[in-house]
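Just so we're aligned, residue 12 is where the sequence shown starts under this note's numbering, counting upward by one. From the three backbone atoms N, C-alpha and C, an ideal C-beta is built for every residue, glycine too.
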Amino acid sequence: MARIEIDFSKLSILVVDDQDYVRTIIAQLLKRLGVSKVLECPNGAYALEVLEHNKPDLILCDIKMAPVDGLQFLKDVRNGLGGSDPSVPIIFLTSASDRSTVQAAITHDVDGYMVKPVSAEDLKSKIIGVLNRRFAEKHR
12 MARIEIDFSK
22 LSILVVDDQD
32 YVRTIIAQLL
42 KRLGVSKVLE
52 CPNGAYALEV
62 LEHNKPDLIL
72 CDIKMAPVDG
82 LQFLKDVRNG
92 LGGSDPSVPI
102 IFLTSASDRS
112 TVQAAITHDV
122 DGYMVKPVSA
132 EDLKSKIIGV
142 LNRRFAEKHR
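#1: What did DSSP end up calling Glu51 once you bin it into helix, strand or coil?
#2: Report all residues from its chain with a CB closer than 8 Å to the CB of Ile59; omit the five preceding and five following residues, and keep chain order.
#3: So, does the region 45-54 touch the region 139-147, judging by three or more C-beta pairs under 8 Å?
#4: What is the C-beta distance between Lys127 and Ser106, in whole angstroms, given that I count them as a contact (C-beta under 8 Å)?
#5: Can you give the Cα-Cα distance for Arg151 and Leu41, rounded to whole angstroms?
#6: Going by alpha carbons, who is nearest to Asp18 out of Asn65, Leu44 and Ile101?
#7: Start and end of the alpha helix (DSSP H) containing Leu134?
#8: Just to confirm, is the Cβ distance from Asp29 to Met76 under 8 Å?
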């Protein structure tokens with residue numbers, strides 16, 4: 012599989028989480044990794060609105076949120092709702108690790124799944140893996 016060098020300074024990442032402090036921590040981790048553009052949203056409904064005017068390279072999303080949770084947000088994005096790019100890579104970053112939730116995420120085409128808390132190194136590794144996998148799929 013061909014691998015690309017990921018330039019984090021050129022990435023735009025959307026962080027969707029209903030807890031302000033979690034969004035802040037994740038945004039800080041991403042900025043430490045060199046990500047220049049970090050967008051933040053408190054839930055899936057607001058994130059869909061943001062996707063009408065922004066095309067991030069990647070989305071990091073919690074699952075347990077209201078009024079639109081991460082699984083519904085994933086389904087909506089994969090269906091192109093609100094003009095979103097159905098192929099944008101989405102990584103769930105969540106405390107939900109039960110088998111049924113993980114299986115639902117896989118069923119709806121999530122690109123990655125990480126259980127909080129995460130380290131900067133693990134997050135970096137997951138982002139690189141997901142973006143390289145997507146690149147390889149596009150260039151088959």
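This is what the structure holds:
#1: Strand, per DSSP.
#2: One point to set straight first is that residue 59 is Leu, not Ile, in the sequence displayed. Val79, Phe84, Asp87, Val88, Leu92, Gly93 and Ser95.
#3: Counting Cβ pairs under 8 Å, fewer than three are found: no touch.
#4: Contact holds; Cβ gap of about 5 Å.
#5: 29 Å
#6: Leu44
#7: Counting along the chain, the unbroken alpha helix (DSSP H) around Leu134 starts and ends at Ala131 to Lys149.
#8: yes
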